[in-house]
Amino acid sequence: MSSRASSREDKSMWVIKVVLLAVVILFVIIVGVQNGGEIVTFRILRWEFAGIPLNMILVEALAIGMLLGVMISIFHAVGMRTRIWRQKKEISRLTSELVAMRNLPIEEAEEEQQRMDDERRYIDR
Numbered sequence: 018m019s020s021r022a023s024s025r026e027d028k029s030m031w032v033i034k035v036v037l038l039a040v041v042i043l044f045v046i047i048v049g050v051q052n053g054g055e056i057v058t059f060r061i062l063r064w065e066f067a068g069i070p071l072n073m074i075l076v077e078a079l080a081i082g083m084l085l086g087v088m089i090s091i092f093h094a095v096g097m098r099t100r101i102w103r104q105k106k107e108i109s110r111l112t113s114e115l116v117a118m119r120n121l122p123i124e125e126a127e128e129e130q131q132r133m134d135d136e137r138r139y140i141d142r
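Below is the structure:
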């Protein structure tokens, strides 16, 4: 995939995320405005909080959801960076191996290829 195509996909994904976030925020605002004067009793597990405006509960739920989303994204990004680091390390190792094999005389290369084939068969078992 070319860099240009990848860049377009990144931009379109960014646009989708922004639109989705805007829709969620708009939904919370609409529900909050329609229920602006509503005072509710909020129960969570064993705790009960009386006389809390519904708007405040909606905004806090949105904020908590956004924080959780950011935390999950951070963990995902760290995992992807670790994966990229490992793959770069593997590419470096394979490149070194390729350079070493190019520099071998033909007879040694055949022996090296036979040894690698034997290793692959052993690993596949």
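Numbering (our numbering), first residue to last: 18 to 142.
Glycine included, C-beta positions come from ideal geometry on N, C-alpha and C.
Three-state secondary structure (DSSP) of residue i
| i | result |
| --- | --- |
| Glu-136 | helix |
| Arg-103 | helix |
| Glu-65 | strand |
| Met-18 | Because the pLDDT at Met-18 is just 48, under 50, the model does not fix this residue reliably, and the point stays unresolved. |
| Ile-33 | helix |
C-beta atoms of residue i and residue j nearer than 8 Å
| i | j | result |
| --- | --- | --- |
| Asn-52 | Leu-37 | no |
| Ile-74 | Val-57 | yes |
| Leu-79 | Val-116 | no |
| Glu-127 | Met-118 | no |
| Phe-59 | Ile-47 | no |
Residue i classed as buried or exposed, judged by whether at least 16 other C-beta atoms fall within 10 angstroms
| i | result |
| --- | --- |
| Met-18 | Note that Met-18 has pLDDT 48, beneath the 50 cutoff, so the model's placement of it is unreliable and the number below is only indicative. Classification of Met-18: exposed, given that the 10 Å Cβ count is below 16. |
Any non-hydrogen atom of the ligand PLP closer than 7 Å to residue i Cβ
| i | result |
| --- | --- |
| Ala-67 | The model on display carries no ligand, and the ligand PLP is accordingly not part of it. |
Unbroken stretches of the alpha helix (DSSP H), 4 residues or longer, contained in the stretch 43–97: Under the rule that a run must span 4 or more residues, no alpha helix (DSSP H) segment is found entirely inside the stretch 43–97.
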